[in-house]
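*Asks:* Just so we're aligned: 195 in numbering that gives the first Met the number 0 is position 196 of the sequence shown, and the numbers increase by one with no gaps anywhere.
Ideal Cβ placement from N, Cα and C applies to all residues, glycine included.
On a predicted model such as this, the values are computed, not experimentally measured, just so you know.
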Amino acid sequence: MSTFKYFLSIAFLLFVAAGCKKEVNDDVSFAQTGNAPDQLSALFEITQDNTGMVTITPNGAGAISYDVYFGDNASTTFVKVAAGKNVTHKYAEGVYNVKLVGHAINGKTAEATKQLTVAFRAPENLEFTVTVDPANSMKVSVTAKALYETNFKVYYGDVPNEVPVSFIEGDVLTHTYATVGTYQVKVVAFSGGAATTELIKPITIVNPVLLPITFESSTVVYGFSNFGGGNVTVVNNPQSNGINTSTRVGRMVKSADQVYGGSLITLGSPIDFSANKVFRMKVFSPRVGAKVLLKVENLTNGAVSFEKEVSTTVANTWEDLAFDYSAINTSNAYHKVVLIFDNGTMGDGSANFTFLFDDIRLTNVLPSALLTLPVTFDNPNVIYGTTDFGGNVTVDATDPLSATNKVKKTTKPNGAQTWAGTTLGQLATALPFSATATQMSVRVYSPAAGLPVLLKVEDKANNARSVETIAMTTVANAWETLVFNFANNSAGTQALNLSFTYNVVNIFFDFNTAGNGKVFYWDDVTFVAPAPATLSLPLTFESATLNYTFTNFDGGVTTVIANPQSGGINTSTKVARMVKNAGQTWGGSLIALDNPINFSTQKTFKMKVFSPRVGAKVLLKVENLTNSTISFEKEVTTTVANGWEELTFDYSAIPVANSYQKIVLIFDNGTMGNGSANFTFLFDDITLN
Numbered sequence: 000m001s002t003f004k005y006f007l008s009i010a011f012l013l014f015v016a017a018g019c020k021k022e023v024n025d026d027v028s029f030a031q032t033g034n035a036p037d038q039l040s041a042l043f044e045i046t047q048d049n050t051g052m053v054t055i056t057p058n059g060a061g062a063i064s065y066d067v068y069f070g071d072n073a074s075t076t077f078v079k080v081a082a083g084k085n086v087t088h089k090y091a092e093g094v095y096n097v098k099l100v101g102h103a104i105n106g107k108t109a110e111a112t113k114q115l116t117v118a119f120r121a122p123e124n125l126e127f128t129v130t131v132d133p134a135n136s137m138k139v140s141v142t143a144k145a146l147y148e149t150n151f152k153v154y155y156g157d158v159p160n161e162v163p164v165s166f167i168e169g170d171v172l173t174h175t176y177a178t179v180g181t182y183q184v185k186v187v188a189f190s191g192g193a194a195t196t197e198l199i200k201p202i203t204i205v206n207p208v209l210l211p212i213t214f215e216s217s218t219v220v221y222g223f224s225n226f227g228g229g230n231v232t233v234v235n236n237p238q239s240n241g242i243n244t245s246t247r248v249g250r251m252v253k254s255a256d257q258v259y260g261g262s263l264i265t266l267g268s269p270i271d272f273s274a275n276k277v278f279r280m281k282v283f284s285p286r287v288g289a290k291v292l293l294k295v296e297n298l299t300n301g302a303v304s305f306e307k308e309v310s311t312t313v314a315n316t317w318e319d320l321a322f323d324y325s326a327i328n329t330s331n332a333y334h335k336v337v338l339i340f341d342n343g344t345m346g347d348g349s350a351n352f353t354f355l356f357d358d359i360r361l362t363n364v365l366p367s368a369l370l371t372l373p374v375t376f377d378n379p380n381v382i383y384g385t386t387d388f389g390g391n392v393t394v395d396a397t398d399p400l401s402a403t404n405k406v407k408k409t410t411k412p413n414g415a416q417t418w419a420g421t422t423l424g425q426l427a428t429a430l431p432f433s434a435t436a437t438q439m440s441v442r443v444y445s446p447a448a449g450l451p452v453l454l455k456v457e458d459k460a461n462n463a464r465s466v467e468t469i470a471m472t473t474v475a476n477a478w479e480t481l482v483f484n485f486a487n488n489s490a491g492t493q494a495l496n497l498s499f500t501y502n503v504v505n506i507f508f509d510f511n512t513a514g515n516g517k518v519f520y521w522d523d524v525t526f527v528a529p530a531p532a533t534l535s536l537p538l539t540f541e542s543a544t545l546n547y548t549f550t551n552f553d554g555g556v557t558t559v560i561a562n563p564q565s566g567g568i569n570t571s572t573k574v575a576r577m578v579k580n581a582g583q584t585w586g587g588s589l590i591a592l593d594n595p596i597n598f599s600t601q602k603t604f605k606m607k608v609f610s611p612r613v614g615a616k617v618l619l620k621v622e623n624l625t626n627s628t629i630s631f632e633k634e635v636t637t638t639v640a641n642g643w644e645e646l647t648f649d650y651s652a653i654p655v656a657n658s659y660q661k662i663v664l665i666f667d668n669g670t671m672g673n674g675s676a677n678f679t680f681l682f683d684d685i686t687l688n
């Protein structure tokens with residue numbers, strides 16, 4: 000108001016001067032004698048968004064402008080503000096001395112300092128969510144929102160002296176807890192300064208028990224509820240071998256209380272029986288014939304249930320039991336798995352009532368009760384169980400040359416015994432050994448040639464009844480079929496006994512050598528059936544089905560008879576008898592074989608002969624089946640009279656490019672026979688060596 004009056008006074012004087020005589024008047028002393036600005040002040044308006052923006056409007060008497068010093072730094076700079084105007088400036092939270100310098104029209108100044116307090120508003124309506132990841136029960140996500148916040152910090156509550164993680168509204172933070180438990184999650188909302196708002200929410204981290212139950216997770220709490228004397232604990236695997244080398248297993252001790260003593264575990268979600276309806280569980284039982292009941296129940300109604308019971312078939316060995324749930328009512332919900340060992344029998348807490356179990360899982364595979372040959376490892380409905388011993392490690396694998404072919408892979412690691420081996424599951428029927436069927440074969444992929452592979456068969460009920468033999472690998476890193484002839488008994492143990500039952504097969508790779516890490520693949524374990532009977536070498540005359548038909552010529556007559564001279568080197572039942580009658584000096588007999596003779600590696604004939612005299616000549620000749628001019632022959636002389644001896648015919652010079660399928664015998668070639676005892680000869684066991 001005083002400024003306004005001042006301007007009116009000036010205007011009036013000018014008006015008076017204009018109305019008078021025009022004169023030059025340079026006297027401005029009146030302006031020099033006016034007052035300095037007075038009553039300086041300022042209006043501070045702080046925005047309510049925690050940005051620190053302040054509007055400063057200076058006021059004062061007699062001031063036409065102001066210098067505004069904001070007071071938030073050491074700078075001497077200012078902002079010039081005209082009277083009636085304002086200026087904005089962003090402050091951090093704090094207390095500031097704002098200096099005002101007012102300027103009057105006469106140049107006089109005045110100053111004042113006003114205190115400005117910038118205090119940010121605390122965030123309001125803080126809310127945050129902490130959500131467990133459906134795919135990982137140990138992982139959570141956090142989001143937050145609030146009014147007047149600039150950012151947030153989150154404390155997950157799982158470590159001491161935790162360093163919080165900062166984020167802003169709209170961010171999604173994730174965190175994975177190391178262990179299960181209940182944690183206090185704290186989110187702090189920050190404004191532009193010291194004012195904060197915080198909120199704490201508990202989050203419970205559970206790793207639910209779900210199928211398969213393997214006992215290997217460090218975050219899953221395998222909480223069994225025991226009843227009636229059953230007591231389950233999770234322990235380090237005390238029997239890490241065979242089909243179960245896992246680290247942790249369940250152990251059930253059944254003590255005296257109730258005959259139905261057992262234990263149950265509740266799963267985190269209902270069991271899905273839509274596709275798979277066969278439970279499998281590995282069990283280590285102290286005895287054969289122990290009953291194992293596996294039952295499922297509804298979460299709240301135990302009457303809604305289904306159960307199956309099977310019996311153990313081995314003692315002190317892991318086996319994979321199967322429980323057929325194909326008849327279960329899938330419209331019901333089942334959350335609980337109940338286990339009862341030897342239901343109906345009171346336990347006593349001893350080793351006889353201590354069972355191990357592991358790998359409870361739902362499959363669609365029902366095993367065949369016993370294996371049948373050939374064992375190919377390819378049938379998805381057969382569990383091809385193997386049991387290792389001596390340090391061997393055998394696992395299911397795929398053919399190194401064909402990913403579609405399933406095989407077994409056996410490693411003989413460092414430290415494995417020289418006798419380390421692997422047992423194949425029991426066969427459904429005994430191996431059909433006979434006098435003419437004594438062989439088995441196994442396809443083997445070996446890391447080196449020249450390694451001994453021993454195959455042993457035994458009686459499941461009496462493993463003292465066994466026989467074994469060895470075959471050598473001949474190639475490296477390639478498949479070959481090894482044939483094991485148990486009649487040869489090359490391992491030097493007891494001989495094949497056709498009266499025994501052999502229904503278990505054991506294989507030993509790199510036998511008699513300590514483990515050194517070699518890896519073998521194997522497949523197609525089978526029995527080698529005897530080849531169809533053919534007339535071929537050796538000629539023993541013992542077969543009841545072969546027709547030993549000789550073609551006689553020029554006085555020679557051969558027949559197969561009971562051995563009239565059983566003794567010495569020939570006690571066989573049947574022999575051939577040649578009677579040389581009068582006809583031609585070359586009178587004899589021949590027999591045609593079903594296939595050509597193989598002279599590729601063997602070129603020495605042997606034949607047992609019983610001659611009436613010393614010095615009788617014996618000619619053994621081979622001929623082509625259709626062209627008798629293609630032939631080779633050797634003649635030797637008897638050295639024993641009226642006794643069996645084995646004659647040798649050296650065929651090393653025979654042209655092997657020719658085909659020979661007939662065997663011709665002539666006794667005393669060049670001498671006419673007379674059909675008497677002096678021209679009667681016995682012969683047997685014509686072999687090629």
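Scan the segment 547-635 and note each continuous beta strand (DSSP E) run of 3 residues or more that stays entirely inside, going in chain order.
*Replies:* 550-552, 555-561, 573-579, 587-591, 603-609 and 616-622
*Asks:* Taking the Cβ atom as the reference point for each residue, do Ile202 and Tyr182 lie within a distance shorter than 8 Å?
*Replies:* yes
*Asks:* Excluding the 5 residues preceding and the 5 following Tyr95 in the sequence, name in chain order all residues of the same chain whose CB lies nearer than 6 Å to its CB.
*Replies:* So the qualifying residues of the chain are Gly70, Asp71 and Leu115.
*Asks:* Does the Cβ of Met439 have 16 or more other Cβ atoms within 10 Å, making it buried, or fewer, making it exposed?
*Replies:* buried
*Asks:* Using 8 Å for Cβ pairs, my map puts Lys107 next to Ala35. What's the rounded Cβ distance?
*Replies:* 4 Å
*Asks:* Of all the options Ala194, Met137, Lys152 and Ala103, which has the alpha carbon lying nearest to the alpha carbon of Glu92?
*Replies:* Ala194
*Asks:* Locate the beta strand (DSSP E) running through Asp690, then write down its first and last residues.
*Replies:* Past the edges of the chain, shown from 0 to 688, lies residue 690, and the structure says nothing about it.
*Asks:* What is the DSSP secondary structure of Asn351, reduced to helix, strand or coil?
*Replies:* helix
*Asks:* Secondary structure at Asn673, three-state DSSP: helix, strand or coil?
*Replies:* DSSP places Asn673 in the coil class of the three-state scheme, outside both helix and strand.
*Asks:* On a CA-only basis, which of Asn505, Thr421 and Ala145 is nearest Asp48? Give me that one, please.
*Replies:* Ala145
*Asks:* Can you grab the Cα-Cα spacing for the pair Lys20 / Ser64, in whole Å?
*Replies:* Below a pLDDT of 50, predicted positions are generally treated as unreliable, and Lys20, at 43, falls in that range; no measurement from the model is reported.
*Asks:* Which term fits Asp323, buried or exposed, when burial requires 16 or more other beta carbons within 10 angstroms of its beta carbon?
*Replies:* exposed
*Asks:* Checking the sheet assignment: what are the DSSP bridge partners for Val129?
*Replies:* Val141
*Asks:* Just the Cα atoms here: how many angstroms apart are Val23 and Asn105?
*Replies:* With a pLDDT of only 45 at Val23, under 50, the local geometry of the prediction cannot be trusted, and no value is derived from it.
*Asks:* Straight-line CA distance for Gly348 to Arg247?
*Replies:* 21 Å
*Asks:* Spatial neighbours of Ala448 within its chain, please: CB distance less than 7 Å, with the 5 preceding and 5 following residues excluded, ordered by chain position.
*Replies:* Thr472, Thr473, Val474 and Ala475
*Asks:* Could you tell me whether the Cβ atoms of Gln613 and Trp521 are closer together than 8 Å?
*Replies:* The question names Gln, but residue 613 in the sequence shown is Val. No. Outside cutoff.
*Asks:* Give me, in chain order, the residues of the same chain whose beta-carbon lies closer than 8 Å to that of Leu209; leave out the 5 immediate sequence neighbours on both sides.
*Replies:* Closer than 8 Å at Cβ, skipping near neighbours: Leu266, Gly267 and Ser268.
*Asks:* Spatial neighbours of Gly180 within its chain, please: C-beta separation below 7 Å, excluding the five flanking residues on both sides.
*Replies:* Ile204
*Asks:* Can you round the beta-carbon distance between Asp683 and Lys579 to whole angstroms, since I take them to be within the 8 Å contact cut?
*Replies:* Their Cβ separation, rounded to whole angstroms, is 17 Å, which puts Asp683 and Lys579 out of contact at 8 Å.
*Asks:* For the segment 562-578 and the segment 650-661, state whether three or more C-beta atom pairs, one from each stretch, are separated by less than 8 Å.
*Replies:* no
*Asks:* Taking three-plus beta-carbon pairs below 8 Å as touching, is the segment 297-305 in contact with the segment 232-248?
*Replies:* no
*Asks:* Looking at C-alpha atoms only, which residue of Ser304, Asn484, Lys411 and Ser310 is the closest neighbour of Pro529?
*Replies:* Asn484
*Asks:* Which of helix, strand or coil does DSSP assign to Phe432?
*Replies:* In the structure shown, Phe432 falls within a coil segment according to DSSP collapsed to helix, strand and coil.
*Asks:* Put Phe666 into one of helix, strand or coil per three-state DSSP.
*Replies:* strand
*Asks:* Classify Phe680 as helix, strand or coil using the three-state DSSP reduction.
*Replies:* Looking at Phe680 - three-state DSSP - the assignment turns out to be strand.
*Asks:* Using CA coordinates, which residue listed in Val291, Asp357 and Ile339 is at the minimum distance from Val233?
*Replies:* Asp357
*Asks:* Short check: CB of Thr149 to CB of Ser140, under 8 Å?
*Replies:* no
*Asks:* Quick check on the DSSP output: the beta strand (DSSP E) that includes Gly59 runs from which residue to which?
*Replies:* Met52 to Ala60
*Asks:* Identify, in the order they occur along the chain, each residue of the same chain with its Cβ nearer than 6 Å to the Cβ of Lys113, setting aside the five sequence neighbours on each side.
*Replies:* Ala41 and Val97
*Asks:* Which class does Lys335 belong to by DSSP, given the choice of helix, strand or coil?
*Replies:* strand
*Asks:* If you run the structure through DSSP and keep just helix, strand and coil, what is Ser757?
*Replies:* Lying before the first or after the last residue shown, residue 757 is absent from the chain, which here runs from 0 to 688.
*Asks:* Identify every residue that forms a DSSP beta bridge with Gly93.
*Replies:* Val117
*Asks:* Return helix, strand or coil for Arg360, following the three-state DSSP convention.
*Replies:* strand
*Asks:* Confirm, please, whether the CB-CB distance from Phe223 to Ser284 is below 8 Å.
*Replies:* no
*Asks:* Going by DSSP in three states, Phe226 sits in which element: helix, strand or coil?
*Replies:* It is a strand residue.
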